[in-house]
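In this text, residue positions in the sequence shown follow our numbering: the first is 203, and each later residue adds one.
Idealized CB from N, CA, C, for every residue including glycine.
Take a look at the structure set out below.
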Amino acid sequence: MTDIKSMSREELAAFFRQLGEPAFRSKQVFQWLHRGVESFDEMTNLSKALREKLKAECLLTVPKVARKQVSRLDGTIKYLWQLGDGNCIESVLMRYKHGNTICVSSEVGCLMGCAFCASTLGGLVRRLTPAEILDQVIFVQKDSGLPISNIVMMGIGEPLDNFDNVLRFLQLVNDPDGLNIGMRHISLSTCGLVDKIDRLAELDLQLTLSVSLHAPDDATRSRLMPVNRAVGVERLMQSCRGYFEKTGRRISYEYAMVDGMNDSDEQADLLASLLKGQPAHVNLIPLNNVEESPLKPSRRVKQFQKRLEQHGVTCTVRRKLGSDIDASCGQLRRKAMNHSAR
Ligand code: SAH
Numbered sequence: 203m204t205d206i207k208s209m210s211r212e213e214l215a216a217f218f219r220q221l222g223e224p225a226f227r228s229k230q231v232f233q234w235l236h237r238g239v240e241s242f243d244e245m246t247n248l249s250k251a252l253r254e255k256l257k258a259e260c261l262l263t264v265p266k267v268a269r270k271q272v273s274r275l276d277g278t279i280k281y282l283w284q285l286g287d288g289n290c291i292e293s294v295l296m297r298y299k300h301g302n303t304i305c306v307s308s309e310v311g312c313l314m315g316c317a318f319c320a321s322t323l324g325g326l327v328r329r330l331t332p333a334e335i336l337d338q339v340i341f342v343q344k345d346s347g348l349p350i351s352n353i354v355m356m357g358i359g360e361p362l363d364n365f366d367n368v369l370r371f372l373q374l375v376n377d378p379d380g381l382n383i384g385m386r387h388i389s390l391s392t393c394g395l396v397d398k399i400d401r402l403a404e405l406d407l408q409l410t411l412s413v414s415l416h417a418p419d420d421a422t423r424s425r426l427m428p429v430n431r432a433v434g435v436e437r438l439m440q441s442c443r444g445y446f447e448k449t450g451r452r453i454s455y456e457y458a459m460v461d462g463m464n465d466s467d468e469q470a471d472l473l474a475s476l477l478k479g480q481p482a483h484v485n486l487i488p489l490n491n492v493e494e495s496p497l498k499p500s501r502r503v504k505q506f507q508k509r510l511e512q513h514g515v516t517c518t519v520r521r522k523l524g525s526d527i528d529a530s531c532g533q534l535r536r537k538a539m540n541h542s543a544r
């Protein structure tokens, strides 16, 4: 079966040429797909014969809402999606003044093994297809009735570990005949796969790169993030500086504050010196409790922020949204998995 929604414009055009259909068909179908049709029969401007042919040859992905929770505190909506093969992923819709923002997953589970993260506890199950990443945006918008203007790739998975499919997704979601979401409205968050950061830099997209740094020294970062054991902070910074030089886009550094681990004044000083000379933004994240983890949230977030600011580092503390619905960091999928395991 052809995964028709994962196809690029060019592939789709070639596919229709092969079927002996005129070129404008591929544009019509592209528009239907990105509007979130749930069957080929909804494509009413196609002939019955063509719809039957597409049904026979193509896979039309339609994720099912396995669970939906709406925060009473701030209207954040969390979706647990069931994919075609039964696997589950989650997406979160956050309502900011500057527009509705969706946080999407890029993989089922994660290989990276970060000590504080719930998404990685069961390892990586599989990578998502471009269509499955895109569907989260299409169907959250459709189900909620809320227009989505911003995307953050900060859900389950490591987007740069699924490089080609994530790139295809970016291309699709950016298309004027599709959702038409501009690169400047998209952030991609990575644990720091340096080769992939370098490749991304070469593409010179205008998206915002967020780097999950979480510690300025190798000893601490390697304890928190196994990815650091092979490639240390210095090499990561080299790629980050290269990214800025190539794209002119300021990097945003994520820093989850863990009690007694990465929240000392010395570490704030070290972080500031690490970022010296590069335009950077630090986003301090109050650690979300993960039941399975002994790590606790820091009580020094404010002091740490102040210290960074004294060094002239631009720094914000992430606002917690949807805390009544576990709207962070793989918690819902985890709960659903534990539940079904019982
Ligand atoms: N794999 C990518 C994107 C997914 S995680 C990455 O590592 O960046 C999105 C962000 O949430 C990352 O900065 C991640 O480190 C952070 N995160 C994961 N678990 C967390 C937790 N329990 N508390 C706070 N932040 C967490």
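Per DSSP, the unbroken beta strand (DSSP E) holding G311 starts and ends at E309 to G311.
A straight line joining the alpha-carbon of T246 with that of D363 spans about 38 Å. Per DSSP, the unbroken beta strand (DSSP E) holding K270 starts and ends at K266 to V272.
Shown here for L285: same chain residues with a beta carbon closer than 7 Å to its own, the five before and five after excluded, namely P265, I291 and E334 in chain order. For the 8 Å CB-CB criterion, D419 and V435 form a contact. Per DSSP, S495 is not a residue of any beta strand (DSSP E), being assigned neither H nor E.
Put simply, of W234, I304 and V429 the residue whose alpha carbon is nearest the alpha carbon of S346 is I304. Taking a 10 Å sphere around the C-beta of N382, we find fewer than 16 other C-beta atoms and assign the residue as exposed. Under DSSP, H483 forms a beta bridge with S454 and T516. Counted as a single uninterrupted DSSP element, the stretch harbouring T422 is not any beta strand (DSSP E) but the alpha helix (DSSP H) occupying residues D420 to L426.
One thing to note: F242 has its Cβ no nearer than 8 Å to the Cβ of L261.
The shortest CA-to-CA distance from L348 to any of N302, N367, D467 and D465 is the one to N302. Relative to L426, the option among D287, L372, C393 and R227 whose CA is nearest is C393. The Cβ atoms of R451 and L415 do not sit closer than 8 Å to each other.
Exclusion of C442 from the 7 Å shell around the ligand SAH follows from its C-beta lying no nearer than that to any non-hydrogen atom of the ligand. Relative to the ligand SAH, the beta carbon of V492 is positioned inside 7 Å of a heavy atom.
Out of A421, H387 and F365, the CA that lies nearest to the CA of A403 is found in F365. Close CB contacts of N352 within its chain, under the 6 Å cut and outside five residues either way in sequence, are with G301, T303 and H387 (chain order).
Scanning the stretch 308 to 355 from its first residue to its last, the whole beta strand (DSSP E) runs of 3-plus residues come out as 309 to 311, 326 to 329 and 350 to 355.
Counting along the chain, R253 sits inside no beta strand (DSSP E); it lies in the alpha helix (DSSP H) bounded by residues K250 to E259.
With a threshold of 7 Å, the Cβ atom of I399 does not count as near the ligand SAH, since no heavy atom of the ligand is closer than that.
In chain order, M459, D465, L486, P488 and V519 place their CB closer than 8 Å to the CB of V503, counting only its own chain and leaving out the 5 sequence neighbours on each side. Here DSSP, grouped into helix, strand and coil, assigns E240 to coil. K280 is bridged by DSSP to Q271 and V294. Residues T322, C393, L426 and M427 of the same chain have their beta carbon placed closer than 7 Å to that of C316, with the five preceding and five following residues left out of the count. Residues A403, E404 and D406 of the same chain have their beta carbon placed closer than 8 Å to that of K448, with the five preceding and five following residues left out of the count. Sixteen is the threshold: since fewer than 16 other Cβ atoms of the shown chains lie within 10 Å of the Cβ of P481, the residue is exposed. Within its own chain, the residues whose Cβ lies closer than 7 Å to the Cβ of L326, once the five positions on either side in sequence are excluded, are E309, G311, C312 and L313, listed in chain order.
The ligand SAH has no heavy atom closer than 7 Å to the beta-carbon of S389. Sequence-distant Cβ neighbours of D526 in its own chain, meaning closer than 7 Å and more than five residues away, are S273, R274 and L275.
Cβ-Cβ distances below 7 Å link R501 to D461 in the same chain, with the five nearest sequence neighbours on each side left out; the list follows chain order.
Here Q220 is exposed. Its C-beta has fewer than 16 other C-beta atoms within 10 Å. For C305, the enclosing beta strand (DSSP E) covers residues G301 to C305.
Closest in C-alpha terms to D467, from the list Q338, F226, R237 and F506, comes F506. Relative to the ligand SAH, F318 has its C-beta within less than 7 Å of a heavy atom.
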